[in-house]
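**Student:**
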Amino acid sequence: MATPAPVKKSDSPEQKAERIGDQVLALDVKRVADWLQALVRTLKAYRMYLPNNPTLHKFQSDLEARTWSCLKEIGDIVLNVQQFDLLFEDYSVYHNAAREESLAFRFFTDGVRQITFREGLEPQELRGVLEVLKKATDASQGQDDVVTLLWERDFRHIEYVHISIEDLMDGSTSQGYEPDEGAVEGGGIPWPSRAETPEEDAPVAVPGESILERSDDWSPKAPITPSWDETVGVQFTLSESESQQLTDAIRVEEERPLLNEVLEIVAAILTSEEEPTSFLESASAFQKFIELALEEGDLARANHLLSRLRTIAAKKSETHSELRGLAEQVIREIGRPSFLGQFAPILNAHPDLDPGLLTNFLVQIGPTSAGAVCDLLGQVNHMKHRRALCEALAISCKDDVDVLISRLGDSRWYVIRNVVYVLGRIAHQGVERALDRALHHEDVRVRKEAVRALGNIESPTSRAFLVSAFRDIDASVRIQAALTLAQKRDDRAAQSIWGAIQAPEFVRRDQNERRVFFEAVGKSGSDPFVPRLHEMLTRGGIFRGGNEEERMNAALALAWLGSPKAIEVLNHELTSKREPVRKAVESALETVRNAAGKRQDSMEEEPTASGMGSEEGSQ
Amino acid sequence: MTGPTTRTATPAGGMQDGTVQRIVVQGRSLAMQLCVLLKTAKIHDVGNVAFHGPLVNFIETVEQLFTAEREFKLQAVGDFLYINHSRLKLDGSSYASYQYLIDEFRTRGLSGFAFTGKVSPPEVKKFVRLFLDVDCKSSDPYEDFGAALGKLSVEHLVPLRTIVPQSGTINIEEVRDSRKAAKRTFYRAIEATKMLMLSARDRRPVDLRKTKRAVQSIVDLILNEEFSLVGLTAIKNHDEYTFQHCVNVSILSISLGQRLGLSKKMLGELGVAAILHDLGKATIPGWVLNKPGKLTAEEWKLMTDHPVQGVKMISKLRGLNELALRAMIVAFEHHLNIDGSGYPKLGDHLRMSLFSRIVAIADCFDAMTAHRSYRKSPFTPYEALHHMLVANREKFDGLLIKAFVNTVGMYPAGTVVLLDTNEIGIVTEHNAHDIFRPKVKIVADRDRKRVDGSIVDLSHREEGSDTYTVGIVSALNPEEYGINVADALT
Numbered sequence: 001m002a003t004p005a006p007v008k009k010s011d012s013p014e015q016k017a018e019r020i021g022d023q024v025l026a027l028d029v030k031r032v033a034d035w036l037q038a039l040v041r042t043l044k045a046y047r048m049y050l051p052n053n054p055t056l057h058k059f060q061s062d063l064e065a066r067t068w069s070c071l072k073e074i075g076d077i078v079l080n081v082q083q084f085d086l087l088f089e090d091y092s093v094y095h096n097a098a099r100e101e102s103l104a105f106r107f108f109t110d111g112v113r114q115i116t117f118r119e120g121l122e123p124q125e126l127r128g129v130l131e132v133l134k135k136a137t138d139a140s141q142g143q144d145d146v147v148t149l150l151w152e153r154d155f156r157h158i159e160y161v162h163i164s165i166e167d168l169m170d171g172s173t174s175q176g177y178e179p180d181e182g183a184v185e186g187g188g189i190p191w192p193s194r195a196e197t198p199e200e201d202a203p204v205a206v207p208g209e210s211i212l213e214r215s216d217d218w219s220p221k222a223p224i225t226p227s228w229d230e231t232v233g234v235q236f237t238l239s240e241s242e243s244q245q246l247t248d249a250i251r252v253e254e255e256r257p258l259l260n261e262v263l264e265i266v267a268a269i270l271t272s273e274e275e276p277t278s279f280l281e282s283a284s285a286f287q288k289f290i291e292l293a294l295e296e297g298d299l300a301r302a303n304h305l306l307s308r309l310r311t312i313a314a315k316k317s318e319t320h321s322e323l324r325g326l327a328e329q330v331i332r333e334i335g336r337p338s339f340l341g342q343f344a345p346i347l348n349a350h351p352d353l354d355p356g357l358l359t360n361f362l363v364q365i366g367p368t369s370a371g372a373v374c375d376l377l378g379q380v381n382h383m384k385h386r387r388a389l390c391e392a393l394a395i396s397c398k399d400d401v402d403v404l405i406s407r408l409g410d411s412r413w414y415v416i417r418n419v420v421y422v423l424g425r426i427a428h429q430g431v432e433r434a435l436d437r438a439l440h441h442e443d444v445r446v447r448k449e450a451v452r453a454l455g456n457i458e459s460p461t462s463r464a465f466l467v468s469a470f471r472d473i474d475a476s477v478r479i480q481a482a483l484t485l486a487q488k489r490d491d492r493a494a495q496s497i498w499g500a501i502q503a504p505e506f507v508r509r510d511q512n513e514r515r516v517f518f519e520a521v522g523k524s525g526s527d528p529f530v531p532r533l534h535e536m537l538t539r540g541g542i543f544r545g546g547n548e549e550e551r552m553n554a555a556l557a558l559a560w561l562g563s564p565k566a567i568e569v570l571n572h573e574l575t576s577k578r579e580p581v582r583k584a585v586e587s588a589l590e591t592v593r594n595a596a597g598k599r600q601d602s603m604e605e606e607p608t609a610s611g612m613g614s615e616e617g618s619q
Numbered sequence: 001m002t003g004p005t006t007r008t009a010t011p012a013g014g015m016q017d018g019t020v021q022r023i024v025v026q027g028r029s030l031a032m033q034l035c036v037l038l039k040t041a042k043i044h045d046v047g048n049v050a051f052h053g054p055l056v057n058f059i060e061t062v063e064q065l066f067t068a069e070r071e072f073k074l075q076a077v078g079d080f081l082y083i084n085h086s087r088l089k090l091d092g093s094s095y096a097s098y099q100y101l102i103d104e105f106r107t108r109g110l111s112g113f114a115f116t117g118k119v120s121p122p123e124v125k126k127f128v129r130l131f132l133d134v135d136c137k138s139s140d141p142y143e144d145f146g147a148a149l150g151k152l153s154v155e156h157l158v159p160l161r162t163i164v165p166q167s168g169t170i171n172i173e174e175v176r177d178s179r180k181a182a183k184r185t186f187y188r189a190i191e192a193t194k195m196l197m198l199s200a201r202d203r204r205p206v207d208l209r210k211t212k213r214a215v216q217s218i219v220d221l222i223l224n225e226e227f228s229l230v231g232l233t234a235i236k237n238h239d240e241y242t243f244q245h246c247v248n249v250s251i252l253s254i255s256l257g258q259r260l261g262l263s264k265k266m267l268g269e270l271g272v273a274a275i276l277h278d279l280g281k282a283t284i285p286g287w288v289l290n291k292p293g294k295l296t297a298e299e300w301k302l303m304t305d306h307p308v309q310g311v312k313m314i315s316k317l318r319g320l321n322e323l324a325l326r327a328m329i330v331a332f333e334h335h336l337n338i339d340g341s342g343y344p345k346l347g348d349h350l351r352m353s354l355f356s357r358i359v360a361i362a363d364c365f366d367a368m369t370a371h372r373s374y375r376k377s378p379f380t381p382y383e384a385l386h387h388m389l390v391a392n393r394e395k396f397d398g399l400l401i402k403a404f405v406n407t408v409g410m411y412p413a414g415t416v417v418l419l420d421t422n423e424i425g426i427v428t429e430h431n432a433h434d435i436f437r438p439k440v441k442i443v444a445d446r447d448r449k450r451v452d453g454s455i456v457d458l459s460h461r462e463e464g465s466d467t468y469t470v471g472i473v474s475a476l477n478p479e480e481y482g483i484n485v486a487d488a489l490t
């Protein structure tokens, strides 16, 4: 085979192929490079899509086709591993210097120096390799490195060469354990020096203290006088039924509900603790299992464990009052941002999680989780999850809104909007000032949410803030303010809206906004507004045209007002000799009737929280 | 005739030739199918329809092997089967079949067969019938069998005479390499365990990677060599008892697990769980661990709390995966007994896991055979087994104890024995086919003079007789005879 010329690592497979003189080799190098690209693509797809996703299946099929074709054309594929490169026949067929995602780097740092894919590689082995690589490149997957993962899989058609971990780990010298290569056989074992493990001095024995056996002393109580009769040696042969029993025992061990058993052990240990320090230690072990449940997206288990921890602590506190506080300390710890803040990918990967369970769990942790939950609001894709997070915040932070208010300074508008929504759910006067701040946020969506939130608070201040929103530069905010105020359904609200209608700049608003404001007056006002609206409806004469848009709006307001007095006016004007008046009334009544019908329909649908944003991504 | 060299097919870690790998895989198939073929023929006539399936499978495998090799041999040497020069990996699922073939070959004075060409169904049928009809009590069954095959024109299956792996025929370099690899693995495991326990004691983050790699090497060695590492567990070091004990328990547990047929992954998990079984002892001061004599109530409490401490320590490891969960269960249960005795007594925890039952046996065996500050001298491996089998039988799983005896032999490696030749020897390996007749290195002649003697396989019989050449009279306490077991085993 020709000596390959050095190839620039950044070359595309085609460029690499071109640079190689040997046509067959060039083709092989390109094939392997393409195959590795397909492998990386599929690996990415594995992380992005659920297992049943058709896109993922497409990537898998493509990879499988390339793999079999590659092995068929080339035979065994031997890849040498360098820090950022995988080499085939001394040519780089994969290069990625980004340490976080580079396959070569992952292999290299775990000590793998060569990996061989043999002809005969089976589909399940290929899928197994992908799972190994997925695990190995996922930082949240525990301590297992590539070597361990490959070793456990025991692939028949994949071999690898790795260096020892001692060679890998800096500063990890063998400390005198390694046998002297030149030593004579049978020269004994050089044992490590004892100086490395300084021992504490033994305390002086207390006279009269009771003396017990040792825990690790298996010494027989009577002298052993072993005597075996070799002729009965057969008694040590396992019969077929005994072998079968052992095989069954292995199956039982394989199917053992390990997690449940360990949880019972940890719970038993926790229940037995008497000392605060030990209790805290055991509760911390319990905490890890709660966190594990969360990491696995098993909220039911997480809730159950949290309750169990509280139950054990409550029982213990009957005799040791301080233990309940320690349990609460551990529970609060779960809400730390460094842990709970990392929960978003899990929520995003489990769209079917029960939002009720999520809310319940977060509420159980309490206000300490508020910071982390606010972080999650910015990362979670599914609306129902965001709703659950907001619900939890609304309950947990009811008496302590400072964390929420501090989040109004967040750089992400969608986080602020969700926080504003929560403040609106909390809706006490302590949040009014904060909502006023939000009314001046640069993003219109935040301002609209602030208007809605203020609508939940019944106080003169909140009304004043809502009225101030009539001066917002954005029509949608002004409209929202009018509609929100209208929901108060009192004359004070209607008067405020009427004030806006009377303001000089109102005529410069667009037609839709003007219509909404009139509707708002109609929805919130009462009979005192009827004469004013009647006057507007009939303004002008038979030969003198009025403002027809204003006439329509006045009729609409009266129709929405719907009081006997308003209906009387409308009925009267239905027979008006002036066609514009008559038509305005007919149109207004039709509009209100239609709206009422639609409202009836929409009441049968599930209500949606306005502050949650859309379902996917847009927040 | 010299035996095949040991070129093991390591599925992971070795830069093996692909062809060798393929032959080893097909060789395994061949051995398994030959076993099925012979077993079927013992029940049904070779003309029976039940014989047809195994026959076809066997012939297909032979044909596959001929695509890679012009001629190949399936042979038994010692306790292993070889396909040409490559030893077939022994694992739980193949153990019984290989043992069956080795025994069948041995009783007929054969080491195996050479396949000189593709075989036809009639030829295989004749071969099988003749094989089963061989008079095993004849003075030379090998000769008889060969002659019978010739008469019926069975040409492509040539019997091979038994290979006696005497010291002169064993490749010394190979043995040395194998020992060196075993020793290296052993030391590294102890080092990894020491680092692990010291980290745990000092409440530093525990890195399991080194431990896992060490256990993987142990598993690989045990799957391939099986006995040499078990032999190393017989060398006890008083000063570093705690660390070595963990490694010994791991080696013994893996060996027993392998005998039971655990998968490679499970053996890895068992090995790590066994190393971690005493992790809780890292919290116990050295003066308590090494206290000569009995413990005070406070010291006893400390001591009996180590399973609970172990659970807590393991729970702090990053990632509570299956391995960590198994290790926690083993740490918690390894001092519980089958009869309900033992400790810790918490909750209504009754059912011990298989791993815990295995580790409890290995733990007890190694603890009894080690030098401890509170005991004048350790028990011999033979005494320890006796104690576990008789006096404390109800404490352990009866089937596992049986399997353990089959794993280490009735005279485990490191046992000093008096032979009926009046020589003294140290057991180096046990014989899987006869647990009472291990391989023994002679260390003192009949006049009790120290010698660097040969290794004698006590399962050998005198030629043409049922009588064994050499037998064991009794197990001895090496300290009474000033014998250093380590010298013979390293």
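Line by line, the protein sequences are chains A and B. First residue of the first sequence? That's 1 in full-length UniProt numbering, and the numbers climb one at a time after it. First residue of the second sequence? That's 1 in full-length UniProt numbering, and the numbers climb one at a time after it. All C-beta atoms, glycine included, are put in the ideal place defined by N, C-alpha and C.
In chain order, what residues of the stretch 287-306 of chain A put their CB closer than 8 Å to some CB of chain B?
**Tutor:** Listed by position, the residues of the stretch 287-306 of chain A near chain B (Cβ gap below 8 Å) are Lys288, Phe289 and Leu292.
**Student:** Taking DSSP as the reference, what is the three-state secondary structure of Thr428(B)?
**Tutor:** Position 428 of the second sequence holds residue 428(B). If DSSP states are grouped into helix, strand and coil, Thr428(B) belongs with the strands.
**Student:** Specify the secondary structure class of residue 521(B) as computed by DSSP and reduced to three states.
**Tutor:** Residue 521(B) is absent from the model: chain B starts at 1 and stops at 490.
**Student:** With a threshold of 8 Å between beta-carbons, can Val308(B) be considered close to chain A, or not?
**Tutor:** Along the second sequence, read from residue 1 onward, the residue named residue 308(B) stands at position 308. Yes, Val308(B) lies at the interface with chain A (some Cβ there is under 8 Å from its Cβ).
**Student:** Under 8 Å by Cβ, that's how I've got Leu232(B) and Ala181(B) pegged, so tell me the actual separation to the nearest angstrom.
**Tutor:** One-based indexing of the second sequence puts residue 232(B) at position 232. One-based indexing of the second sequence puts residue 181(B) at position 181. Not really, about 11 Å apart at Cβ, beyond 8 Å.
**Student:** Tell me which residues of the stretch 207-237 of chain B have at least one Cβ-Cβ distance to chain A shorter than 9 Å, keeping chain order.
**Tutor:** Residues Asp207, Leu208, Arg209, Lys210, Lys212, Arg213, Ala214, Gln216, Ser217, Val219, Asp220, Leu232, Ile235 and Asn237.
**Student:** So what's Gly146(B) in DSSP terms, helix, strand or just coil?
**Tutor:** Counted from its first residue, the second sequence places residue 146(B) at position 146. In this structure, Gly146(B) counts as helix in the three-state DSSP scheme.
**Student:** Return the bridge partner residues of Lys575(A) from the DSSP annotation.
**Tutor:** Taking the first residue of the first sequence as 1, we reach residue 575(A) at position 575. In the sequence on display, residue 575(A) carries Thr and not Lys. Per DSSP, none; premise fails for Thr575(A).
**Student:** Touch check for the stretch 476-487 of chain B and the stretch 416-434 of chain B: three-plus C-beta pairs under 8 Å?
**Tutor:** Short answer: they touch.
**Student:** Could you tell me whether any Cβ in chain A is nearer than 8 Å to the Cβ of Ala444(B)?
**Tutor:** Locating residue 444(B) in the second sequence gives position 444, counting from the first residue. Output row for Ala444(B): interface = no.
**Student:** Closest Cβ-Cβ distance between Ser459(A) and chain B: below 8 Å?
**Tutor:** Start at 1 with the first residue of the first sequence, and residue 459(A) comes out as number 459. No, no contact with chain B.
**Student:** Using beta carbons (cut-off 8 Å, strictly below), is Ala205(A) in contact with chain B?
**Tutor:** Position 205 of the first sequence, counted from the first residue, corresponds to residue 205(A). Reliability fails at Ala205(A), whose pLDDT of 44 lies under 50, so the model's placement of it is uncertain and no value is given.
**Student:** Since Phe343(A) meets chain B, which of its residues come closer than 7 Å, beta carbon to beta carbon?
**Tutor:** On the first sequence, residue 343(A) is found 343 positions in, with the first residue counted as 1. Per Cβ cutoff of 7 Å: no residues; Phe343(A) is ~16 Å from chain B at best.
**Student:** Which residues in chain A sit within 7 Å of Phe332(B), going by Cβ to Cβ distance?
**Tutor:** Against the second sequence, residue 332(B) aligns to sequence position 332. In chain order: Ile265.
**Student:** When DSSP labels each residue in this structure, what does Asp434(B) get in the three-state scheme?
**Tutor:** Here the question's residue 434(B) lines up with position 434 in the second sequence. Three-state DSSP puts Asp434(B) in a strand.
**Student:** Let me confirm a value: Arg599(A) is counted as buried when at least 16 other C-beta atoms fall within 10 Å, else exposed. Which label applies?
**Tutor:** Numbered from 1 along the first sequence, position 599 holds the residue referred to as residue 599(A). The residue in question, Arg599(A), is exposed, as its Cβ has fewer than 16 Cβ neighbours within 10 Å.
**Student:** I'd like to know whether the C-beta of Lys441(B) is nearer than 8 Å to at least one C-beta of chain A.
**Tutor:** By one-based count along the second sequence, residue 441(B) stands at place 441. No, Lys441(B) lies away from the interface with chain A (no Cβ there is under 8 Å from its Cβ).
**Student:** Suppose you measure from the CA of Val485(B) to the CA of Val451(B); what does that come to, to the nearest Å?
**Tutor:** By 1-based counting over the second sequence, the position of residue 485(B) is 485. By 1-based counting over the second sequence, the position of residue 451(B) is 451. So the alpha carbons of these two residues sit roughly 14 Å apart.
**Student:** For Thr148(A), which residues from the same chain have a beta carbon less than 6 Å from its beta carbon, with the 5 sequence-adjacent residues on both sides left out?
**Tutor:** Sequence index remark: in the first sequence, residue 148(A) carries index 148 (1-based). Within the same chain, Thr148(A) has no close Cβ partners at all.
**Student:** Looking at the secondary structure, which residues open and close the alpha helix (DSSP H) in which Gln511(A) lies?
**Tutor:** As a first step, residue 511(A) is located in the first sequence; it is residue number 511 there, counting from the start. Gln511(A) -> alpha helix (DSSP H) spans Gln511 to Ser524.
**Student:** What residues of chain A sit near Glu322(B), judged by a beta carbon separation below 8 Å?
**Tutor:** For the purposes of this step, residue 322(B) is taken as residue 322 along the second sequence, with counting starting at 1. Per Cβ cutoff of 8 Å: Leu258.
**Student:** So, helix, strand or coil for Thr116(A), using DSSP?
**Tutor:** For the purposes of this step, residue 116(A) is taken as the residue at position 116 of the first sequence. Looking at Thr116(A) - three-state DSSP - the assignment turns out to be strand.
**Student:** At a Cβ threshold of 8 Å, is Phe396(B) touching chain A?
**Tutor:** Mapped onto the second sequence, residue 396(B) falls at position 396. Taking Cβ atoms only, chain A never reaches closer than 8 Å to Phe396(B), which makes this a no.
**Student:** Helix, strand or coil, according to DSSP, for Phe88(A) in the structure here?
**Tutor:** Working through the first sequence from its first residue, we reach residue 88(A) at position 88. Reduced to three states, the DSSP call for Phe88(A) is strand.
**Student:** Output needed for Leu389(B): all residues of its chain with C-beta closer than 8 Å, excluding positions within five of it in sequence on either side, in chain order.
**Tutor:** One-based indexing of the second sequence puts residue 389(B) at position 389. The residues are Ile401 and Val405.
**Student:** Note the first and the last residue of the continuous alpha helix (DSSP H) segment covering Gly499(A).
**Tutor:** Residue 499(A) sits at position 499 when you count from the first residue of the first sequence. Asp491 to Gln502 is the span of the alpha helix (DSSP H), which, as asked, contains Gly499(A).
**Student:** In angstroms with no decimal places, state the Cα-to-Cα distance between Ala324(B) and Leu259(A).
**Tutor:** Here the question's residue 324(B) lines up with position 324 in the second sequence. Here the question's residue 259(A) lines up with position 259 in the first sequence. The alpha-carbon atoms of Ala324(B) and Leu259(A) are separated by roughly 10 Å.
**Student:** Can you confirm whether the stretch 146-163 of chain A touches the stretch 244-262 of chain B when touching is taken to mean that 3 or more C-beta pairs between the two stretches lie within less than 8 Å?
**Tutor:** Segments in contact, no.
**Student:** Whose C-alpha, out of Val507(A), Glu253(A), Ala372(A) and Ser369(A), is nearest the C-alpha of Ile329(B)?
**Tutor:** Along the second sequence, read from residue 1 onward, the residue named residue 329(B) stands at position 329. Ranking Val507(A), Glu253(A), Ala372(A) and Ser369(A) by Cα distance to Ile329(B) puts Glu253(A) first.
**Student:** In its own chain, which residues sit with a C-beta less than 7 Å from the C-beta of Glu185(A), not counting the 5 before and 5 after it?
**Tutor:** On the first sequence, residue 185(A) is found 185 positions in, with the first residue counted as 1. Annotation note: pLDDT 33 at Glu185(A) (below 50); position unreliable, coordinate value reported separately. Correct list: empty, nothing qualifies.
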